[in-house]
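Numbering (our numbering), first residue to last: 95 to 262. Worksheet: one structure, shown below.
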């Protein structure tokens, strides 16, 4: 596996990875998440142009996972990390998070943040194993509050969610 910057022509593959990764939510009673559409190509392109989109590739150089991030409240916020189910459980997601952490440290960024579902095994419990910890309300900055507001408006608060941080 190799991690590298995403290429503009690969963005439709990232959408395919997101769709495939989302299907497992159907098995745990969250079909709305399974059916949720990936980010549009123009939004993915914004991350790619900003240099905040990475892919993990297989031996042929084809993306099997991706991570996109943005600067929020002085940290790097994981907007999305997805691994195709055919490549899951191989440490690829953790490697992408570690890659983002190295990128953040090189840029003087103190932490990574993300928002996620509390009770989904491959969400908050997984991120805890990757070094993230839940943030209480007093430690959530205005940028994360705005992200949570948009998530709630999108209907994600039907299930418990949490903001998490990994200090670097």
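Just so you know, even glycine gets a beta-carbon here, dropped at the ideal spot from N, CA and C.
Element boundaries [alpha helix (DSSP H), containing residue i]
i: residue 109; result: 105 to 116
i: residue 261; result: No alpha helix (DSSP H) holds residue 261; the beta strand (DSSP E) holding it covers 255 to 261.
Identity of the residue in the options nearest residue i by Cα
i: residue 206; options: 235, 259 and 196; result: 259
i: residue 136; options: 144, 227 and 120; result: 144
i: residue 163; options: 124, 214 and 100; result: 100
i: residue 179; options: 225, 238 and 157; result: 157
i: residue 241; options: 226, 209, 221 and 223; result: 209
i: residue 236; options: 171, 221 and 128; result: 171
i: residue 262; options: 118, 239, 225 and 128; result: 225
i: residue 166; options: 185, 177 and 146; result: 146
i: residue 139; options: 126, 185 and 106; result: 106
i: residue 131; options: 142, 186 and 117; result: 117
i: residue 152; options: 182, 197, 169 and 217; result: 182
i: residue 223; options: 173, 159, 185 and 134; result: 185
i: residue 160; options: 218, 119, 95 and 128; result: 95
i: residue 168; options: 154, 150 and 202; result: 202
i: residue 109; options: 154, 177 and 233; result: 177
i: residue 245; options: 229, 232, 231 and 211; result: 211
i: residue 150; options: 232, 119, 134 and 104; result: 104
Unbroken beta strand (DSSP E) run spanning residue i, endpoints
i: residue 127; result: Unbroken run through residue 127 is the alpha helix (DSSP H), 125 to 128; no beta strand (DSSP E).
i: residue 133; result: Per DSSP, residue 133 belongs to no beta strand (DSSP E) and is neither H nor E.
i: residue 165; result: 157 to 166
i: residue 176; result: 169 to 177
i: residue 147; result: 147 to 151
i: residue 122; result: Neither: residue 122 is in no beta strand (DSSP E) and is coded neither H nor E.
i: residue 97; result: 96 to 99
Integer-rounded CB distance, given that residue j should sit under 8 Å from residue i
i: residue 97; j: residue 193; result: 5 Å
i: residue 148; j: residue 190; result: 6 Å
i: residue 214; j: residue 122; result: 7 Å
i: residue 126; j: residue 249; result: 7 Å
i: residue 124; j: residue 253; result: 7 Å
i: residue 199; j: residue 187; result: About 19 Å separates the two Cβ atoms, so there is no contact after all.
i: residue 120; j: residue 114; result: Between residue 114 and residue 120 the Cβ distance is about 12 Å, and since that is not below 8 Å, they are no contact.
For this session: Would you list, in sequence order, the uninterrupted alpha helix (DSSP H) runs of no fewer than 4 residues that lie entirely inside the region 185 to 245?
Result: 186 to 200 and 218 to 223, all fully within the region 185 to 245.
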